[in-house]
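Chemist:
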Amino acid sequence: MDFEHELDLMIRSSYPVVYVPTPEEERAEVLIRRVAETGSPVRAVHTWDFVDGMDGGPAKNNPVMALAEVEKGRPDIPAIYILRDFHRFLDDVTVSRKLRNISRHLRTSRKTVVILAPSLRVPQDLAEEITVLDLLPPSYDDIEAELGTITTDVPVRLSPGGQDALVKATQGLMMDRIRLAIARAVASFGRLDDRAIPLVLEEKKQRIRRTEVLEFFPVTETIDDIGGLDVLKAWLEQRASAFTAEAREYGLPAPKGILMVGIQGTGKSLSAKATASLWQLPMLRLDVGRLMGGLVGESEAKTREMIRMAEAMAPCVLFIDELDKAFAGLGSSHVGDSGTSARVFATILTWMEEKTSPVFIAATANSIEALPPEVIRKGRFDEIFFIDLPSDRERREIFEVHLSKVRPNSIRSFDLDTLAFQSEGFNGAEIRQAIFDAMNAAFSQRREFSTDDILRAMSFITPLSKTAAERIRAMQAWAESGRCRPASSDAAKAGLMGQLFGDLNLPDDLRRQQQPDNNT
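Structure follows, in structure tokens:
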């Protein structure tokens, strides 16, 4: 959506009040003035804020008088009235009533009110008078043009792919922040070269941190750190180039995301991180709990800001850990929050299904019965993978991965086959803990640890496969219903472990999810 084109259409269509929620006040005003100067007819631009009043004159410290100034303006003279930070006054009954009154007048005049505010806050009684117009972050072309302007008198020594990398690194930042980051790089190095890229990325991390709900997640894990899960890894490797220009030219849509379901400690979060590493994409972590704010409209505003920031960072991986806990709370009926949770929940789900920006969602869930049915409906994710307890072969791989990290030169001294055989029922996290426990025991005696030390450490661990046996068997049986895809070929060949347990007495919630869904 082109901001200037949309604003011009709204003005010429006599929209009375346009609300532009953006932290980029200066950039927004530049664009509004450009619309006023290039439109037909040319329009005068007036600005008001609480401190300086209307054009530095009347209506200081008085929002009602500001609206009166708008009303006094001649209806036949085309004009735009920019009201800065006016969102703070919209809940006042006098301001609200006055704005509704002059809206009738504005519809038959050549005047338009534009509210500029860093956040969106529209009271219900003004919903019909106000039209929201989003100012998206600067596009690739906008940033490229701005770079050309600000580097006119600066030595530029970017590598052949450096400018493209620099522009992509700045995407998601406000234009003012881009200028500051570039100025900092030039001040640091005396010229603009590839060393500016990490400086810009650091600025972006700060911007993401300020959203409160998103975190720039540094990724060190690779797909080689995953033991087993060959089906999932093959799926990810096949789509490693899905976000490239070649893929777009081929007509390939960007992958939407995956949901990885399984018990704790089986490598779901590790797989999500390895996805970002394999695809060489930045990773953002979403804290769904922080979306819920205490003020009216705050949760919805945070959700919109989260979506806007994630899309501005695209292509990227959006990591949502323990989706079952997050969406179980959002999807439930909260009597005390006036439907806020339901609206946030619906906004996220709609975005997940309809988004066209290359934001890949890597979500995990430990308990399928806690997920609302809307989450796992077709269209939300490209694939739902079930990550079962590791097989004998996979446990051997997991031991090999972890032991190679701590003893890369003596891996052959460990009996991996025995360790794999004796660790039946252990998940990846429990295997890693057994290795660390063995190392601690050996280190206390100032000697090297061995296979026997690991076996001894395992004897003191009660795996989750025993403490949560019924729930694990129920999840395995749910996976057998065909609602998901095994992440491992071992599980696929065995028909999943749930098949070994016969006809289980499933909980009612899981039994319902096994029934065919005729609406998908």
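In terms of the working numbering, the sequence shown is residues 2 to 521.
Cβ atoms here follow ideal geometry from the backbone N, Cα and C, with glycine treated the same way.
(1) Ignoring anything shorter than 3 residues, give me the beta strand (DSSP E) runs that lie fully in the segment 312-400, in order along the chain.
(2) Please report the residue range of the alpha helix (DSSP H) in which Pro199 lies.
(3) Could you name the residues of the same chain whose beta carbon sits closer than 6 Å to that of Pro64, not counting the 5 residues immediately before and after it, in chain order?
(4) Please go through the same chain and pick out, in chain order, the residues whose beta-carbon is closer than 6 Å to the beta-carbon of Arg240, but skip the five residues on each side of it.
(5) If we define contact as Cβ-Cβ less than 8 Å, is Thr23 a contact residue for chain D?
(6) My understanding is that Ala302 touches Ser120, with C-beta atoms under 8 Å, so please give their C-beta distance in whole angstroms.
(7) Exposed or buried, Gly429, counting other C-beta atoms within 10 Å across all chains shown (16 or more means buried)?
(8) Skipping 5 residues on each side, what residues in its chain have a beta carbon closer than 6 Å to that of Gly332?
(9) Going by DSSP, which residues form a beta bridge with His47?
(10) Measuring alpha carbon to alpha carbon, tell me which of Glu27, Val155, Pro283, Asp9 ends up nearest Arg44.
(11) So, do the segment 25-40 and the segment 80-90 have three or more beta carbon pairs nearer to each other than 8 Å?
(12) Would you tell me roughly how many angstroms separate the C-alpha atoms of Arg180 and Ser189, rounded to the nearest one?
(13) Tell me the DSSP secondary structure of Phe190 in three-state form.
(14) Should Gln281 go down as buried or exposed, given a rule of 16 or more other Cβ atoms within 10 Å for buried?
(15) Using the rule of at least 16 other Cβ atoms within 10 Å of the residue's Cβ for burial, across every protein chain shown, is Glu129 buried or exposed?
(16) Secondary structure at Pro64, three-state DSSP: helix, strand or coil?
(17) Among residues of its own chain, excluding the 5 on either side of Leu279, which ones have a beta-carbon nearer than 8 Å to its beta-carbon?
(18) Give me, in chain order, the residues of the same chain whose beta-carbon lies closer than 6 Å to that of His403; leave out the 5 immediate sequence neighbours on both sides.
(19) Taking the CB atoms as reference points, tell me whether Gly229 and Glu431 lie closer together than 8 Å.
(20) Could you tell me the alpha carbon to alpha carbon distance between Gly263 and Ser368, rounded to whole angstroms?
(21) Taking the alpha-carbon of Gly426 as reference, which of Ile308, Pro391, Ala197, Arg344 has the nearest alpha-carbon?
(22) Measure the alpha-carbon distance for Thr245 versus Met310 and round it to whole angstroms.
(23) Ignoring anything shorter than 3 residues or poking outside the segment 220-275, list the beta strand (DSSP E) runs there in chain order.
(24) Does DSSP put Gly426 in a helix, in a strand, or in coil?
(25) Residue range of the beta strand (DSSP E) that Glu216 falls in?
(26) Straight-line CA distance for Ser140 to Gly173?
(27) Reducing DSSP to helix, strand and coil, say where Ala118 ends up.
Modeler: Short version:
(1) 317-321, 360-366, 384-388
(2) Segment 197-210, the alpha helix (DSSP H) holding Pro199.
(3) Phe90, Val96
(4) Pro256
(5) Judged by its chain identifiers, the structure shown contains no chain D, having just a single protein chain.
(6) 5 Å
(7) Residue environment analysis places Gly429 among the buried positions, since at least 16 neighbouring C-beta atoms fall within 10 angstroms of its C-beta.
(8) With a pLDDT of 46 at Gly332, under the threshold of 50, the modelled position of this residue cannot be trusted; read the value that follows with caution. Correct list, in chain order: Phe346, Pro373.
(9) Under DSSP, His47 takes part in a beta bridge, and its partners are Tyr82.
(10) Asp9
(11) Yes, they touch.
(12) 14 Å
(13) helix
(14) exposed
(15) exposed
(16) In this structure, Pro64 counts as helix in the three-state DSSP scheme.
(17) Thr223, Ile224, Leu237, Glu238, Ala241
(18) Arg433, Ile436
(19) Result no, Cβ atoms of Gly229 and Glu431 do not sit closer than 8 Å.
(20) 7 Å
(21) Comparing Cα-Cα distances from Gly426 to each of Ile308, Pro391, Ala197, Arg344, the minimum goes to Pro391.
(22) 21 Å
(23) 258-263
(24) Coil at Gly426, not helix or strand.
(25) Looking at the DSSP string, the run of the beta strand (DSSP E) that includes Glu216 is 215-217.
(26) 9 Å
(27) strand
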